[in-house]
Amino acid sequence: MELLAAAFSAACAVDHDSSTSESDARDSAGHLPGSESSSTPGNGTTPEECPALADSPTTLTEALQMIHPIPADSWRNLIEQIGLLYQEYRDKSTLQEIETRRQQDAEIQGDEDGSPTGEDTPEEEEEEEEPASPPQRRAVPQICLLSNPHSRFNLWQDLPEIQSSGVLEILQPEEVKLQEAMFELVTSEASYYKSLNLLVSHFMENERMKKILHPSEAHILFSNVQDVLAVSERFLLELEHRMEENIVISDVCDIVYHYAASHFSVYITYVSNQTYQERTYKQLLQEKAAFRELIAQLELDPKCRGLPFSSFLILPFQRITRLKLLVQNILKRVEESSEREGTALEAHRELEMVVKACNEGVRKMSRTEQMISIQKKMEFKIKSVPIISHSRWLLKQGELQQMSGPKTSRTLRTKKLFREIYLFLFNDLLVICRQIPGDKYQVFDSASRGLLRVEELEDQGQTLANVFILRLLENADDREATYMLKASSQSEMKRWMTSLAPNRRTKFVSFTSRLLDCPQVQCVHPYVAQQPDELTLELADILNILEKTEDGWIFGERLHDQERGWFPSSMTEEILNPKIRSQNLKECIRVHKMDDPQRSQNKDRRKLGSRNRQ
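In our numbering, the protein residues as written are 1 to 614.
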């Protein structure tokens, strides 16, 4: 009882020193136990009310370590009971994330509509809270989706050891949310390892597969997946050991940082091979009937849960991007300016570098082939410009209508003044061509991308609709040139203007301006980019709206990686509540706040800091 009192006192002190805003007290999926009642142990208690504080450990974690050692192999047994394949977990988890955001948005909006003055009487408050109490009894973090017929456990707080220990009466709601976030990272890694192991054991090591595939084909198709599996196994083992140390998880981001910095390069190798992997897989399906039949047979095995072979091949890329988001989720919940925040920031930075390297690896393979193909199709009417460069890539290409003659001339109404031209826009260069027979392009002008200016022409009727002016401050002849261009639609015009002059001011302001009420949407249907200027969307992505067209396209910036691009508005739904939008932006700014001085300070803190886990 003395130890329990000491731990309780430490919890009081931690709660007294922490400041949590009203919006942060709500999890992305609802309330956690203890978030409703002001009588929860530790709430509002001062050191004077805790006389045992002077003799208690200085931190809550130390107090809990003294009281609640974890039974041996308890976590490992739990990990082994996880039944969902990673593809199933990932899909259901993101759908749940979308739904909980909707509920949170509606709930907060409903609170605002129902209590505009915030001066309700206690009787009125009780009447309003009574019907809402059932969903607030238990949070539904994403990890609940790992439930299966063979496992009794859904949440960290549902584990028998947690329930019987009494820690839920000591921990503050924010710490419980943090525990759930760390718990999800570990259990989702176990689900991923299960799926990746199936790719190796069920597909790659199949004896018929080895006979059908030439070693070079097998190498391209499966790449270094065995190395990825070995790293995942060691990573999961270390996470399990950490969880076995104490019933309350101390941290996982230090382990994530170590593996991201020292071992996750195997992901870069695997993902960079994706272009050749996809091409080889398609060729094998078309040219080898035995391979096609074997894949169909293996996919029917109950182990695969009806999932296609291709979904197993893309597992490593999906996992490394998801892992970064899981660390972001932890980072949003750790105490500000704490050692755990510093470790989470470092882990997130390393993962971001790995993800960027993966993306660049994929793009480099496809860009090189694309640039060679474009170079072969061009014939220069002007001085030749070398197209192929290791630092150049295509941003957008397409056909536009060039309009000639003075803007005020009535002859603009005639179609004779429209001439088809074709634009190739690279990251540093614009090439203007005319298409000629033989799938060739005759180049008649070019300019550096930095010397381009665009201006939207005011609507002067149907003929001049979707027209904009493109100015080359210095073209191929070292002089200024002006082109009056007409696009096929409003969205196509906006997309060209955005690509030609990326620093042009858009209708809405990016979050980097720290404007905390930028229009936002969340992705509710996945979308695969069809053009270089488009953005591939994953379920539950949150994006700022930078530009919007009347014909259903949005130019947006994804919060978690600041990638920009166009996408159909039908793939998303708008986040209407300003509080939710502001909270999303603040969390994003916190995740990406680490500048160089902070980085060095956090790195020194991590190296010098030591935790006693004996």
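Glycine included, C-beta positions come from ideal geometry on N, C-alpha and C.
- Residues of the same chain with a CB within less than 7 Å of the CB of residue 255, apart from the 5 flanking positions on each side, are 238, 239, 242 in chain order.
- For residue 471, the enclosing beta strand (DSSP E) covers residues 467–472.
- Assignment of beta-bridge partners to residue 448 by DSSP yields 429.
- Beta-bridge partners of residue 543 (DSSP): 521, 558.
- Secondary structure of residue 532 (DSSP, three-state): coil.
- Judged by DSSP in its simplified three-state form, residue 438 adopts coil rather than helix or strand.
- The distance from the Cβ of residue 520 to that of residue 584 is about 6 Å, consistent with a contact at the 8 Å cut-off.
- Residue 451 is classed as exposed because its beta carbon has fewer than 16 other beta carbons within 10 Å across all chains shown.
- For the pair residue 193 and residue 232, the CB atoms are nearer than the 8 Å cut-off.
- For residue 525, the number of other beta carbons within 10 angstroms of its own is below 16, and it is reported as exposed.
- Residue 565 is bridged by DSSP to 556.
- Sorting 340, 103, 259 by C-alpha distance to the C-alpha of residue 179 places 340 at the top.
- If you look at residue 573, you'll find it in the beta strand (DSSP E) that goes 572–575.
- Residue 388 sits close to residue 371, with the two beta carbons spaced by under 8 Å.
- Within the DSSP secondary-structure output, residue 418 pairs in a beta bridge with 403.
- Beta-carbon to beta-carbon, residue 424 and residue 442 are separated by about 12 Å, too far to satisfy the 8 Å threshold.
- Straight-line measurement puts the Cα of residue 383 at about 54 Å from the Cα of residue 332.
- Under the DSSP assignment, residue 481 falls in the beta strand (DSSP E) whose first and last residues are 481–486.
- The residue from 391, 202, 236, 395 with its alpha-carbon nearest to that of residue 299 is 202.
- Taking residue 561 as reference, the option from 209, 354, 200 with the minimal CA-CA separation is 354.
- Inter-residue distance for residue 445 and residue 347 is about 47 Å (C-alpha atoms, whole angstroms).
- Selection 390, 485, 271, 549 evaluated against residue 225 yields 271 as nearest (Cα-Cα).
- The region 287–307 makes contact with the region 204–215: 3 or more CB pairs, one atom from each, lie closer than 8 Å.
- The beta-carbon distance between residue 280 and residue 217, rounded to whole angstroms, is 6 Å. This is short enough to meet the 8 Å contact definition.
- Cβ-Cβ distances below 6 Å link residue 367 to 393 in the same chain, with the five nearest sequence neighbours on each side left out; the list follows chain order.
- In the DSSP assignment, the residues bridged to residue 397 are 424.
- In the assembly as shown, residue 157 is a buried residue. Its beta-carbon has 16 or more other beta-carbons within 10 Å.
- The DSSP-derived three-state label of residue 392 is coil.
- Around the beta-carbon of residue 306, fewer than 16 other beta-carbon atoms lie within 10 Å, marking it exposed.
- Counting along the chain, the unbroken beta strand (DSSP E) around residue 380 starts and ends at 378–380.
- Leaving aside the five residues that flank residue 591 on each side, the residues in its chain whose CB is nearer than 6 Å to its CB run, in chain order, 328, 331.
- Distance from the CA atom of residue 260 to the CA atom of residue 228, rounded to whole angstroms, is 12 Å.
- DSSP places residue 197 inside the alpha helix (DSSP H), whose first and last residues are 173–198.
- No Cβ-Cβ contact shorter than 8 Å links residue 447 with residue 420.
- DSSP places residue 164 in the uninterrupted alpha helix (DSSP H) bounded by 160–165.
- If you draw a 10 Å sphere on the C-beta of residue 262, you find fewer than 16 other C-beta atoms in it, and that means exposed.
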